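Quick note, the sequence shown lines up with residues 1 to 528 if you use the UniProt record's numbering.
Yeah, the Cβ is synthetic: ideal placement off N, Cα and C, and Gly gets one too.
These figures come from a predicted structure and were not determined experimentally.
A short write-up of the structure that comes next.
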Amino acid sequence: MANKAAFQVIVLGPTGGPREDSLTGLLVRSTSTHWSTNSVIAVDAGTLVSGIIHTLEQYNAELKDGTYMMDEGPFAGLRMPYKSAQANAAHIFRDIIGAVLITHAHLDHLAGLAINTPMLEAGNGPKPLAALPSIVAAIKNHMFNDVIWPNLSDEDGGAGLLTYQRLVEGGNPRFGRGDAKGYIRTCDGLLARCLGISHGRCRQRFHPESGTHHRVGSSVFTADPLMLPSRAISVDHTTDAGIYSPARSPRMLSANQKEPIWATVESSAFFIRDQHTGNEIIIFGDVEPDCVSLDPRNKRIWEAAAPKIAAGKLRAIFIECSYDDSVEDAYLYGHLCPRHLIAELTLLAGKVMEARHPSMTISSFGKRKRSDTNTCGGSGEQMSPRSKRPQSFSVPAGKRSEPSPMGMASATVDMRPRFYSTAEGLVEIPELVHDEPTPSYHEPDDVSDSGNPADPAPPSTSPEEAPTANSGPLPLSGLSVYIIHIKEDLTDDIPPRERILKQLRSRGEVARLGCEFYAPHRGEGIWI
1 MANKAAFQVI
11 VLGPTGGPRE
21 DSLTGLLVRS
31 TSTHWSTNSV
41 IAVDAGTLVS
51 GIIHTLEQYN
61 AELKDGTYMM
71 DEGPFAGLRM
81 PYKSAQANAA
91 HIFRDIIGAV
101 LITHAHLDHL
111 AGLAINTPML
121 EAGNGPKPLA
131 ALPSIVAAIK
141 NHMFNDVIWP
151 NLSDEDGGAG
161 LLTYQRLVEG
171 GNPRFGRGDA
181 KGYIRTCDGL
191 LARCLGISHG
201 RCRQRFHPES
211 GTHHRVGSSV
221 FTADPLMLPS
231 RAISVDHTTD
241 AGIYSPARSP
251 RMLSANQKEP
261 IWATVESSAF
271 FIRDQHTGNE
281 IIIFGDVEPD
291 CVSLDPRNKR
301 IWEAAAPKIA
311 AGKLRAIFIE
321 CSYDDSVEDA
331 YLYGHLCPRH
341 LIAELTLLAG
351 KVMEARHPSM
361 TISSFGKRKR
371 SDTNTCGGSG
381 EQMSPRSKRP
391 QSFSVPAGKR
401 SEPSPMGMAS
411 ATVDMRPRFY
421 STAEGLVEIP
431 ELVHDEPTPS
441 YHEPDDVSDS
451 GNPADPAPPS
461 TSPEEAPTAN
471 SGPLPLSGLS
481 VYIIHIKEDL
491 TDDIPPRERI
501 LKQLRSRGEV
511 ARLGCEFYAP
521 HRGEGIWI
């Protein structure tokens, strides 16, 4: 299998903490390059050199022709100039890794790079750090700034060990041709295209001196102006729990009141393409479900991925699933759990079926017929009790279409009055309702003694709504979904990894997706 694979992915860190030695970090290479110089990219670097050392120490290297050769394990076939794992790990970081791609600027995706960068030699030239401009700005302003950490970049008089490469969101149209248009070269044998995604929300603070919210150029970006007034959120200080509640209407604020406004934290998804075969994989940074997001952008990823899956060119997705289904939406903090990941993949499955059968409209794959239930995002899909949204009271009125944020497809703004409870009483705020939100499956009310949700009950679909045994392969057959960024609980209970995998496989079978779920271990090599 390894000989036929286009990619090799080495998992240096599969978790989102709290252990600092296994934080998110992946190495990716094209197998056609045979470990040449600058033939590997690191995608996120919460764990980097320490993860390489740990992996090398699990296997022995034999001395051949004056150099050491790894004959087994993820680094098999790599000739190394040194005997010790730590010296060879430094060699891999300096010479074999050609660039570091950062999905977002949170510490669990960046800490290893910050600590490891001083070992780079300026004489070899700066190591590229590639990310969206907002991510670069956050790293530059808040990490490599001579305060939190020395300025090791080649900007603003720094040490010159790193160079920032600011990526064009959605791909640079000046590069590539055909189906590779927009992709840029990241290292020997690999191309990449970066799309922005949403990773929860962050409260912007008002600065009287500047008259602006938060810091200009940070990773917090402002959503569409039409969206902010209806989705502004404040902290309800009337309870000890610190529950987030919808903000007071701007009309109710005096000129001297500056209510904190929530904005979306930007993350990224990288489409990585093997230059030799044209095959691709997707690696997600931290991401939240569209149905609870201020700025839902996952749909763009699935629309870009579906034709590639239908053509057999995209065989694997690395995506987070931080918590199991016992965690309510309010405590996901911009992450996924099995019920939401399955809902996202159900939307992807519909897009794949549309790509395979262009004359058919199958965007309703996995949806229920009933539309009179509570919904997550207004889809008509029965909402999980753990996917709670504010109660609203509506008066029938017309709707109008408005442009959707961040260049997405148009959304429908529901202008019916909606009322939210605040300290001053009920406040009327319009709510954004998207045309095609991500579905959310019903979560059973019964919970096992361990606090984990019971196996999900199958959604009530009709034969027209779900594929049958005779309708050909399931929509995501042949796709492998690798779960990363699992939050460990460091207890003697069943590990979160096992609980999450069980729930994903159970829900995936019910949804008839056809994909396979895996949760790789630290130091594991994956050939795709």
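Item: For R497 and L504, the rounded distance between their alpha carbons; Value: 11 angstroms
Item: Residues of its chain near H335, where Cβ-Cβ distance is below 7 angstroms and the 5 sequence neighbours each way are ignored; Value: D286, E288, E320, S322, Y323
Item: Same chain only: Cβ atoms within 7 angstroms of residue 541, ignoring 5 sequence neighbours per side; Value: There is simply no residue 541 to check, as the chain begins at 1 and stops at 528 in what is shown.
Item: Coil, strand or helix - Q503 by DSSP; Value: helix
Item: As assigned by DSSP and simplified to three states, the class of I53; Value: helix
Item: C-alpha distance - V9 paired with D274, whole-angstrom precision; Value: 12 angstroms
Item: The stretch 42-50 touching the stretch 21-30, judged by at least three CB pairs closer than 8 angstroms; Value: yes
Item: At least 3 beta-carbon pairs within less than 8 angstroms: the stretch 132-146 vs the stretch 172-181; Value: no
Item: C-beta contact flag for K83 and Y59 at 9 angstroms; Value: no
Item: Assigned secondary structure, H340 (DSSP; H/G/I helix, E/B strand, else coil); Value: helix
Item: Which listed residue (K64, I97, G73, E72) has its alpha carbon closest to that of G81; Value: The sequence as given places Pro at residue 81; Gly does not occur at that position. Selected option, being the one with the closest Cα: K64.
Item: Continuous beta strand (DSSP E) stretch holding residue 529: start and end; Value: The question about residue 529 has no answer here: the residues shown for the chain are numbered 1 through 528.
Item: Local Cβ density within 10 Å of G398, reported as buried at 16 or more and exposed below that; Value: Residue placement at G398 is poorly supported in this model, since its pLDDT is 38, which falls under 50; the coordinates are not used for a value here.
Item: Beta carbon proximity, L167 to chain D, threshold 9 angstroms; Value: In the structure shown, chain D does not exist; there is a single protein chain.
Item: Simplified DSSP assignment, three categories, for N116; Value: helix
Item: Buried or exposed by the 16-neighbour rule on C-beta atoms within 10 Å, applied to H104; Value: buried
Item: Straight-line gap, R185 to R193 (C-alpha atoms, nearest Å); Value: 9 angstroms
Item: Within the stretch 127-158, ranges of the beta strand (DSSP E) (whole runs, at least 3 residues); Value: 127-131
Item: Local conformation of S480 per DSSP, three classes; Value: strand
Item: DSSP three-state assignment for V292, whether helix, strand or coil; Value: helix
Item: Among R297, K351, D188, nearest to H276 - alpha-carbon criterion; Value: D188
Item: Where I148 falls, given that 16 or more other Cβ within 10 Å makes a residue buried; Value: exposed
Item: G182 vs H109 beta-carbon contact at 9 angstroms; Value: no
Item: Where I96 sits in the DSSP three-state scheme; Value: helix
Item: Environment of D92 [buried if 16+ CB atoms lie within 10 Å]; Value: Asp is not the amino acid found at residue 92; the sequence shown has Ile there. When all chains shown are included, I92 counts as buried.
Item: T346, DSSP secondary structure in three states; Value: helix
Item: Coarse secondary structure for Y164, derived from DSSP in three states; Value: strand
Item: Beta carbon of I96 nearer than 9 angstroms to that of L113; Value: no
Item: Of the residues I500, N124, A269, G17, the one placed nearest residue 608, counting alpha carbons only; Value: Because residue 608 is not part of the residues shown, which for the chain are 1 to 528, the question remains open.
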